[in-house]
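In the working numbering, the protein residues as written are 53 to 338. Think of the CB as a built atom: it goes at the ideal place given N, C-alpha and C, for glycine as much as any other residue.
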């Protein structure tokens, strides 16, 4: 199946690396201009949907949202285009959807779609590289500045480079490449580890780095250490996606393989000596 946008534009390879989306045990992953749908349990390919010039995508309530300068709404059940939204010539590089549609453009603007119009909420100096939507709160980062918005009001703004991961529940959390963990704008832990990302799940803070998951309580006590891959394999990256309570850990580079891996940390075995050593390191760093 080939679906075509009205406008054809060149997409930067950097923009073309969008993280997968997991919904109801189905994983939606972008490979070039194709969305590949796989079963997250057995990794079998369920479907492929090709577009022209995908800059970003997301999935919500059975609808695939695919964007470049326009947004195409595609019904996954009926396998047809429901609508096409047009907002001008600016490239859309991020899209998130709950009851409303939020987009960011390459000029650094963050917008909410209201009655078919794109209303600007805020502007960043650079294009947004990461955006998280939780209810009416938006957490966004452009490579140098993090903003937490409630509606159109900026609640927290932090100037910080080398942020490798962030997440949001009742507080805003983010981690830097050299292992510092922040809650809102306050440094709360120095792990002294190279980190690739983080997420919050079940009232726990999970840090990702060097093929490991470091699971901490909200009091920043190390609870568990989970090994995902050989830590010496530096070619792997860890990214985390959480959609409606489902958890998926992507430990393969998108361009390397269409095969994905799922990990349930509750079923993973941890070497007790390694865990004890890691716990000691954590306490010393604090």
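Query: The beta strand (DSSP E) enclosing residue 95, as first and last residue numbers; Result: From DSSP, residue 95 is part of no beta strand (DSSP E); its letter is neither H nor E.
Query: Beta-carbon proximity check, residue 35 vs residue 180, cutoff 8 Å; Result: This structure does not reach residue 35, given that the chain is present from 53 up to 338, and the question cannot be answered.
Query: Residue 91 versus residue 116 - alpha carbon distance; Result: 16 Å
Query: For residue 82, three-class secondary structure by DSSP; Result: strand
Query: CB contact flag (residue 263, residue 246, <8 Å); Result: no
Query: Residue 186 - partner residues in DSSP beta bridges; Result: 189
Query: C-alpha distance - residue 209 paired with residue 130, whole-angstrom precision; Result: 42 Å
Query: Contact set for residue 89: own chain, Cβ-Cβ below 6 Å, skip 5 residues either direction; Result: 78, 80, 98 and 99
Query: Cα-Cα separation between residue 218 and residue 275, rounded to whole angstroms; Result: 20 Å
Query: Separation of residue 161 from residue 211, as counted between CA atoms; Result: 17 Å
Query: Residue 272 versus residue 241: straight-line alpha-carbon distance, rounded; Result: 7 Å
Query: Proximity to residue 224 [Cα-Cα], best of 156, 186, 248 and 169; Result: 186
Query: Cβ pair residue 153, residue 165 closer than 8 Å; Result: yes
Query: Which listed residue (177, 257 and 189) has its alpha carbon closest to that of residue 151; Result: 189
Query: Same chain only: Cβ atoms within 6 Å of residue 126, ignoring 5 sequence neighbours per side; Result: 116 and 133
Query: Bridge-paired residues (DSSP) for residue 249; Result: 260
Query: Classification of residue 121 by the beta-carbon crowding that lies within 10 angstroms, buried from 16 upward; Result: buried
Query: Where the beta strand (DSSP E) through residue 211 begins and ends; Result: 205-211
Query: Per DSSP, the bridge partner or partners of residue 164; Result: 154 and 171
Query: Per DSSP, cross-strand counterpart(s) of residue 231; Result: Bridge partners of residue 231: none, in fact.
Query: Residue from 142, 113 and 261 whose Cα sits closest to the Cα of residue 216; Result: 261
Query: Test: residue 110 CB closer than 8 Å to a CB of chain D; Result: No chain D appears in the structure shown, which is made up of a single protein chain.
Query: Cβ-based burial, residue 249 [other Cβ within 10 Å; buried from 16]; Result: buried
Query: Own chain, CB closer than 6 Å to residue 200, minus 5 neighbours either side, in chain order; Result: 191, 207, 208 and 224
Query: Which residues DSSP lists as bridging residue 109, in chain order; Result: 118
Query: Neighbour-count burial assignment, residue 213, 16 or more Cβ in a 10 Å radius; Result: exposed
Query: Burial state of residue 269, where buried means 16 or more other Cβ atoms lie within 10 Å; Result: exposed
Query: Under 8 Å between C-beta atoms of residue 147 and residue 119; Result: yes
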